[in-house]
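Heads up: the structure comes next, in structure tokens.
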Amino acid sequence: MNYFPEISHIDQEKYPETIVTGSVVELSANPVHCYLLWECYVRFMDLSKPLPDVPVYEQHRHSDPITAEFDKKNNRPSDFWVDFSIEQQIEIRDEILEDAFPYDWLKGKEREEVIKPWLHWKAGPDRIEQLTWKYKVKRLLIQLFIGFP
């Protein structure tokens with residue numbers, strides 16, 4: 148079972164091409180992932196705030212003027228998420244999910260977000276993956292045979 152949250156313009160006849168459909172396949176028995184996707188959409192569309200500080204936006208933060216100003220004002224390290232291994236990023240995601248599951252999304256009040264993740268999480272230099280030929284072959288085989296990124 149999948150969820151497909153959809154956002155469209157209020158005037159669908161005038162703007163028929165403004166539909167954005169997400170796909171949530173994780174743990175379809177619980178709608179928390181839909182709420183998280185919705186929060187991501189809302190935050191992305193809020194032009195008064197910087198982009199969420201997540202790995203997927205890392206290479207585009209400098210392109211958004213509000214985000215670039217926020218990063219400069221708060222001394223955010225450039226390429227902050229690059230220093231984390233994939234395993235560490237997964238651990239951080241799991242930590243965030245642990246906090247999101249018990250939260251009452253329908254009745255809950257606004258929660259404080261992590262604004263400066265570089266103060267909250269530190270990259271483990273011993274865990275950074277080195278791009279050696281062994282690492283590249285291992286990742287390539289995993290991607291080819293298992294389909295895992």
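One point on numbering: in my numbering, the residue at position 130 of the sequence shown is 277, and numbering is uninterrupted.
C-beta: ideal position from N, C-alpha, C; glycine also.
These numbers were taken from a predicted model, which means no experiment stands behind them.
### Query
Hey, quick one: how far does the alpha helix (DSSP H) through Met148 stretch, first residue to last?
Counting along the chain, Met148 falls outside any alpha helix (DSSP H), and DSSP gives it neither H nor E.
### Query
Does the beta-carbon distance from Trp268 to Val179 come in below 9 Å?
For Trp268 and Val179, no; Cβs fall outside 9 Å.
### Message
Rounding to the nearest angstrom, what Cα-Cα distance links Pro212 and Glu160 in this structure?
### Response
C-alpha separation (whole angstroms): 32 Å.
### Query
What do you reckon, are the CB atoms on Pro197 and Thr214 nearer than 9 Å?
The answer is yes: Cβ separation under 9 Å.
### Reference Glu153; option with closest CA among Trp185, Gln206, Ile239
When the alpha-carbon of Glu153 is set against those of Trp185, Gln206, Ile239, the nearest one is in Trp185.
### Task
Could you give the DSSP three-state label for Thr168: helix, strand or coil?
In this structure, Thr168 counts as strand in the three-state DSSP scheme.
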